[in-house]
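First up is the structure itself, then whatever we jot down about it.
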Amino acid sequence: MDTKVSPSELTIRIARIPRTVTIGSDQVLVHELGIRLPFTRKPQALEDVGGGEPQRIFVTRTRELTTDEYDDFASDLLRRREWLTREGGQIWDAWVCVELIAPGRPILYVNPEGADYARYVARLG
Numbered sequence: 019m020d021t022k023v024s025p026s027e028l029t030i031r032i033a034r035i036p037r038t039v040t041i042g043s044d045q046v047l048v049h050e051l052g053i054r055l056p057f058t059r060k061p062q063a064l065e066d067v068g069g070g071e072p073q074r075i076f077v078t079r080t081r082e083l084t085t086d087e088y089d090d091f092a093s094d095l096l097r098r099r100e101w102l103t104r105e106g107g108q109i110w111d112a113w114v115c116v117e118l119i120a121p122g123r124p125i126l127y128v129n130p131e132g133a134d135y136a137r138y139v140a141r142l143g
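In terms of my numbering, the sequence shown opens at residue 19 and continues consecutively.
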């Protein structure tokens, strides 16, 4: 029996607590993950991600990628991507992230700290 879980199923299984937080002057709905993960600063590629102190995570949005889009993203995490601009940051003791999912791939949590590249990355799986 195949017990693999798809990324979208895994995101559903992780406890998520909805919270409204202030980012700049905007009220934003985030989902606090029920797990903490370690982030890597400025990893070049996916194999560089890991280690560090686990952090609390607030997800502002989930972006579903194809496997080709995911593999392209994961192969060069420092490349500029317009869709990351003005995302991320830190609120209280939590890292504000975009969640990236693709079939058969680890889930990524990206905190660009307002930049247009994956400045901080954590992975699940």
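A virtual CB, placed ideally from N, CA and C, is assigned to each residue, including glycine.
For residue i, which residues of its own chain have a beta-carbon under 7 Å away from its beta-carbon, when the five flanking residues on both sides are left out?
i, result
"PRO124", "ARG141, LEU142 and GLY143"
"ASP44", "none"
"GLY69", "PRO56 and THR58"
How about residue i and residue j: do their beta carbons lie closer than 8 Å?
i, j, result
"ALA63", "SER93", "yes"
"LEU96", "VAL116", "no"
"GLY132", "ARG98", "no"
"ALA112", "ARG74", "yes"
"GLY106", "PRO130", "yes"
Along the alpha helix (DSSP H) that carries residue i, what are the first and last residues, could you check?
i, result
"TYR88", "85 to 93"
Can you name, in chain order, every residue of its own chain whose Cβ lies under 6 Å from the Cβ of residue i, other than the five neighbours on each side?
i, result
"VAL67", "THR58, PRO61, VAL139 and ARG141"
"TYR88", "ALA120 and ARG123"
"THR21", "Note that THR21 scores 49 on pLDDT, short of 50, meaning its location in the model is unreliable and no value can be drawn from it."
Among the residues of its own chain, which have a CB less than 8 Å from the CB of residue i, if the five just before and after it don't count?
i, result
"TYR135", "LEU95, LEU96, ARG97, ARG98, ARG99 and LEU102"
"ARG34", "HIS49, GLU50, LEU51, GLY52 and VAL77"
Where do the N-terminal and C-terminal ends of the beta strand (DSSP E) with residue i fall, by residue?
i, result
"TYR138", "138 to 142"
"THR103", "Here THR103 belongs to no beta strand (DSSP E), and DSSP marks it neither H nor E."
Rounded to the nearest angstrom, how far is the Cβ of residue i from that of residue j, given a contact under 8 Å?
i, j, result
"LEU118", "LEU83", "6 Å"
Distance cutoff 8 Å, beta carbons only. Does residue i sit that close to anything in chain D?
i, result
"GLU131", "Absent here is chain D; the protein component of the structure consists of one chain."
Does the structure place the region 77 to 87 close enough to the region 47 to 64 that three or more beta carbon pairs sit under 8 Å?
Taking a cut-off of 8 Å on C-beta distances, the region 47 to 64 touches the region 77 to 87, as three or more cross pairs fall below it.
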